[in-house]
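Counting from 1171, one number per residue, gives the positions in the sequence shown under my numbering.
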Amino acid sequence: MRIGLNLQIATCNLGIKNSETEQTVMIVVKILGIILWMFVLPFCIGLIPLRWIPKEKKNIGVVFIAGYVIMLPMCWLVTVPAILLVKYSSFLVMVRIFTVGMAIAAAAGVALSAWAVRKKQWVSLKPVFRWTDVSIEEKIEWILFLALIAFQLYKAFTLTSFDGDDAEYVAQSLVTQQSNTMYLIKPYTGGTTSLDIRHSLAVLPIWIAYVGRMTGIHTTILAHSVIPFVFIPLTYVVYFEIGKQLLRKKKELLPAFMVFMALLQIFGNVSIYTNETFFLTRTWQGKSLAANFVLPLIVCLLLWIFDKENEHKTRKEGRLEEKENTFGLWLLLWLANMTAGVCTSMVVFLGAVMIAVIAFWMMIAERKFSVLIKAGIVCIPNVAYMILYLLLHI
């Protein structure tokens, strides 16, 4: 009797240990999935436009930015046709096509980089700055900035702030993941409905559902606990590039600028409608990504373009290099406009207006009508988006 009881206890203990081992393995697999789908693949995809980006702009942060502004528009180009043309299992169709597209894009980025190395045309990624070259005061400011970022990430992970809009956005991701349909089920009630045209063109919740499907992570956990570790640093990369451009003649002020930006985000919760509030408490929502990442990225790219247009090249090969680099910046601006459509329809209009105003000013300052033409070309995605939005509402 006692021997049988001991065997049962030993069996239970062995089962518990096996269960704990399986859970540990699953956690490790999910972490590796996050690294693959949110870091490795975007980095590989971001290598595609690297050869057309000015040498002084090439760094790891810019590669990640390029990767996301390529990946998210790719998601839109796959998701919207699937929503409009496939009624049942539309999400499953989207997952299959988008996965193939991601693999092809990542392979293309790696292949282009390998080809450039083979042809000896590769320009290595420059470090952001050399730690040994900065003063003690700058080092202290950089450490303070990194501490502020770590504090924001810690609070974003531990507090997991509640927001009423999650009943729409996070629930939409979860419903999509569980039902394999997109925008055909009401996230508030779970009942079926006709196509939700208002939200169907802003497909960021679908991208979150896709990442959740590929990593095996619940979309609520993914949105509240994982995405802030991607979008918050990515946003600060944009602010860093803006600061470098504005303070290129006073680089010693750059760490103070970044500390100031971090403090603005922490103490910007003066209203529930500020972009700082959205940045830290609604990081996973399209409105937050649009206000804190897309619009500043448009400003950053326009600053880069104006700087390149303002340079005067005298040698013929110099002029060719300038043209090539400027093309890369306009291409990133095109992709940034497409990324705006992934986030929310309002920023599609705001981004186009911002580009039009700044391009008009650049045309007058540089006396180049071609600047306005290029600005009109990069706004084609905005116009197409708004036309599609109006057609779906007729």
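Built from N, CA and C at the ideal position, the CB exists for glycine as well. Values in this document were obtained by computation on a predicted structure and should not be read as measured data.
{"query": "Three-way DSSP call (helix, strand, coil) for residue 1223 in this model", "result": "coil"}
{"query": "N- and C-terminal bounds of the alpha helix (DSSP H) containing residue 1369", "result": "1367–1370"}
{"query": "Residue 1544 burial status per 10 Å Cβ neighbour count (16 or more: buried)", "result": "buried"}
{"query": "Whole-angstrom C-beta distance between residue 1464 and residue 1506, which should lie under 8 angstroms", "result": "6 angstroms"}
{"query": "Sub-8 angstroms separation of residue 1451 and residue 1331 beta-carbons", "result": "yes"}
{"query": "Alpha helix (DSSP H) runs contained entirely in the stretch 1422–1488, provided each spans 4 or more residues", "result": "1424–1436, 1445–1451, 1456–1459, 1465–1480"}
{"query": "C-alpha gap between residue 1198 and residue 1535, whole angstroms", "result": "55 angstroms"}
{"query": "Buried/exposed call for residue 1386, threshold 16 Cβ in 10 Å", "result": "exposed"}
{"query": "Span of the alpha helix (DSSP H) around residue 1325", "result": "1306–1329"}
{"query": "CA-to-CA distance, residue 1236 to residue 1501, given in whole angstroms", "result": "10 angstroms"}
{"query": "Given residue 1342 as reference, the closest of 1523, 1380, 1418, 1327 once Cα atoms are compared", "result": "1380"}
{"query": "Residue environment, residue 1508, which counts as buried when at least 16 other CB atoms sit within 10 Å", "result": "buried"}
{"query": "For residue 1376, the three-state DSSP class (helix, strand or coil)", "result": "helix"}
{"query": "Residue 1355 - partner residues in DSSP beta bridges", "result": "1362"}
{"query": "Status (buried if at least 16 other CB within 10 Å, exposed otherwise) for residue 1218", "result": "buried"}
{"query": "Distance between residue 1336 and residue 1391 (C-alpha atoms, nearest Å)", "result": "12 angstroms"}
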